[in-house]
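K.L.:
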Amino acid sequence: MPDTPDVLTERSRIQALVEGRTLPAALADTVASSGEKPAYSDKHHVPEGETWRTLTWSQTRDLALDVAGALLECGVQPGDTVAIMASNRIEHFVADIGAAHAAATPMSIYNTLSPEQVAYVAGEAQPKVAVLENADHLARWQKALGETDSVTTVVLIDAETATEGGERFTTWADFVAAGAAYRSSHEAEVASRAGELTPQSPATILYTSGTTGNPKGVVLTHHNVLYEAYSTLEAAGLHDPQIGVSYLPLAHIAERVLGLYGPQIQGSHMHAIGDPSQLLATLGEVHPTAFFGVPRVWEKIKTGISAKLAADPDPANRTMVEDAMAAGLAYVSAQEVGGVMTPEIEQAYAEADGAMLGFLRLLLGLDQVTWAGSAAAPMPVEVARFMAGLGLKVYDVYGMTETCGAITANGPDGFRLGTVGRPTPGMEVKLGEDGEILVRGPVVTPGYHRQAEATSALIDEDGWVHTGDIGTLDDDGFFAVVDRKKELIITSAGKNIAPSNIENYLKESPIIGHAMAVGDNRPYVVAILTLDGEVAPVIAQSMGLEFGDLAELAQHPQILAMAQSAVDAANERLSRPEQVKAFELLPTEWTAESEELTPTLKLKRRVVNTKYSDVLDRLYG
């Protein structure tokens, strides 16, 4: 609750840890204590005979200082922005850290932004240098490069992309080499540049993916990100270096905190993958100790296991797994706040874990996980319960880019499935009169870049961020997110409906990939559904169905019947105004590359409403 001594005491304690510090100073401490330990690994240009290429923390900082030298030689001044568009790879991390050591402001740009959006961002942020990975990224930047005079240097990570002429273009290898040479002759200048940073200097500017108009640049300071990293790691109970997988875009705040800022403090070892479709295979190879997944990742794990269970012809096998998972769920549920653990529950879980659950977690590559988290959208409670059945506590957390990530979290010190936890240390969180979640504390952005009006709409005169999310608060202090304030459906009969609740029920069917409920200003709710491109074909094959592609499968009578069953099952759990009266199963799939989803796999509702207006006309016809 606001202004209570406990909140302020906790805040002061963490403030003391980060007081006067910046990211380069934090990294210097980590190098001093853990310099020879692994920092970042990836599979780009892997040396012969190796599976991963890896940098130690000392090597990471050394390369970052070379990048800083190159930036200084390019004329980058303190506060200048450096734009990075690249997949998760060593060069991306090094470029970001190097920009900070040049006292510049690194800003990772979503790889999926259109040329028009990139040009808008470049026009507003005025980057001095742009670091791009490949030909696709260069194509997305061509409009910006033609319209924006600020970019004096374009660094191309993949050398084969360097087909452009002119002085502005250079390869990553040449850029780093030039920086190393400049650093050797200007050692004191390069070494001292980071000292020009203050805790209130921008650590990054993160632009939203632009689902509702032009992107807005969220400014986050060194104090913001260091406080967030310390408080998040503490709430998660992650006190030691971790082994992790970096796969979400580095333009996403969760990836920056868990994959970039936290590791610089702790000396963790991150394995970066450029293609998120390789995530499950990478988990099986890396066996992380901490893992963060957006809800869609956990949904995919659930549907994959469910599909294999459904395809098993031996009912005894299915019963054995189901019984083991029931023991896992009982064990995790007993550890929730308010739960009661008994010797019988512990014994049943120990037996199930030894016989089945431990093996399933091993197959998933999650057998070493001590902390598993989820955020970016509310975690469907049935997915959380399914993971609990595997013996995994997936701690749902809540926050936004404007709060530098998590401001409430479940964790080892207290969790409740179906909620997003309690406020993180030192954060004030409350509900407004209309149920909107409000937050205040050291992680709050100073504002949007060059958008004072938008900043005023976000942060009120008392410093409270208006998140735009509607929430609830229970008697034990656990918050839950109902839905986005602007996305609540108000039917023509005046009924308020949360679409995410309906959609989560629909997606419990293993064949459904995505669902969007519609009904605002309409007489009833309808739904647009897509098939899961990986699971649905497997299920169809197990049923002996013949089909050529996903579009053909979506029209198959037995698949349509399964979709109808998913709608019927959801409706049984919904009130009458919430029930889906009609649906259409699309012949296409929505993916991270499609127009319908953000880079973090959240629905672009306006895009869907516009793109499929003919479908909606039919459903309401």
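Numbering (the working numbering), first residue to last: 479 to 1099.
Backbone N, C-alpha and C define an ideal beta-carbon position, used for all residues, glycine too.
#1: Please confirm if the segment 1060-1069 is in contact with the segment 1007-1025, defined as three or more CB-CB distances below 8 Å between the two stretches.
#2: Where do the N-terminal and C-terminal ends of the beta strand (DSSP E) with V872 fall, by residue?
#3: Looking only at DSSP bridge pairs, what is E906 linked to?
#4: Could you give the DSSP three-state label for G1026: helix, strand or coil?
#5: Return the bridge partner residues of N974 from the DSSP annotation.
#6: Closest to L505 by C-alpha separation, out of H615, L738, C552, would be which residue?
#7: With DSSP as the reference, please indicate the residues paired to I937 in a beta bridge.
#8: Note down, in chain order, each residue of its chain lying with its Cβ closer than 6 Å to the Cβ of V1086, except the 5 sequence neighbours on either side.
#9: Name the DSSP bridge partner or partners of E1062?
#10: State the Cα-Cα distance for the pair S724 and Q742, rounded to the nearest angstrom.
#11: To the nearest angstrom, how far is the alpha carbon of N589 from that of R928?
#12: So E814 and L895 are supposed to be a Cβ contact under 8 Å. How far apart are they, rounded?
#13: Any idea what DSSP makes of V554, helix, strand or coil?
#14: Could you tell me whether the segment 565-574 touches the segment 660-675, where touching means 3 or more Cβ pairs closer than 8 Å?
#15: Hey, quick one: how far does the beta strand (DSSP E) through W530 stretch, first residue to last?
#16: Is the beta carbon of L868 less than 8 Å from the beta carbon of G806?
#17: Rounding to the nearest angstrom, what Cα-Cα distance links T508 and S709 in this structure?
#18: Is the CB-CB distance between G919 and G899 below 8 Å?
#19: Tell me whether R962 sits in a helix, a strand or coil according to DSSP, three-state version.
#20: Between the Cα of L844 and those of A866, I823, F571, S746, spot the shortest distance and give me the residue it belongs to.
#21: What does the alpha-carbon distance come out to for the pair W530 and Y518?
#22: What would DSSP say about Y708, mapped onto helix, strand or coil?
#23: Nearest-angstrom Cα distance between L470 and E528?
#24: Given A658, which residues of its chain have a CB within under 7 Å of its CB, disregarding the five upstream and five downstream residues?
#25: Determine, using beta carbons only, whether G740 and A707 come nearer to each other than 8 Å.
#26: Can you tell which of L610, E1012, F864 has its C-alpha closest to the C-alpha of D1027?
#27: How far does the alpha helix (DSSP H) with P593 in it reach, from first residue to last?
#28: Within a Cβ cutoff of 6 Å, which residues of the same chain sit near G941, ignoring the five residues on either side of it in sequence?
#29: Using C-beta distances below 6 Å, list every residue in its chain close to H992, excluding the 5 sequence neighbours before and after it, in chain order.
#30: Please confirm if the segment 575-595 is in contact with the segment 666-682, defined as three or more CB-CB distances below 8 Å between the two stretches.
#31: Please classify K964: is it buried, with 16 or more other beta-carbons within 10 angstroms of its beta-carbon, or exposed?
#32: Since A802 and A833 are thought to touch, with beta carbons under 8 Å apart, how far apart are those beta carbons, to the nearest angstrom?
#33: Taking 8 Å as the cut-off, does the segment 785-801 touch the segment 1012-1026 (at least 3 CB pairs, one atom from each stretch)?
#34: How big is the Cα-Cα spacing for R1051 and S987?
#35: Determine the closest residue to D790 out of C552, M1021, R491, with distance taken between C-alpha atoms.
#36: Pick helix, strand or coil for P1015, following the three-state DSSP scheme.
P.N.:
So, from the data block:
#1: yes
#2: 872-878
#3: R918
#4: coil
#5: I968
#6: L738
#7: V943
#8: M994, E1074
#9: I1006
#10: 14 Å
#11: 23 Å
#12: 6 Å
#13: coil
#14: no
#15: Neither: W530 is in no beta strand (DSSP E) and is coded neither H nor E.
#16: yes
#17: 18 Å
#18: no
#19: strand
#20: A866
#21: 10 Å
#22: helix
#23: Absent from the model: residue 470. The displayed extent of the chain is 479 to 1099, so no value can be given.
#24: D544, G547
#25: yes
#26: E1012
#27: 593-603
#28: R918
#29: T1008, W1068
#30: yes
#31: exposed
#32: 7 Å
#33: yes
#34: 14 Å
#35: M1021
#36: helix
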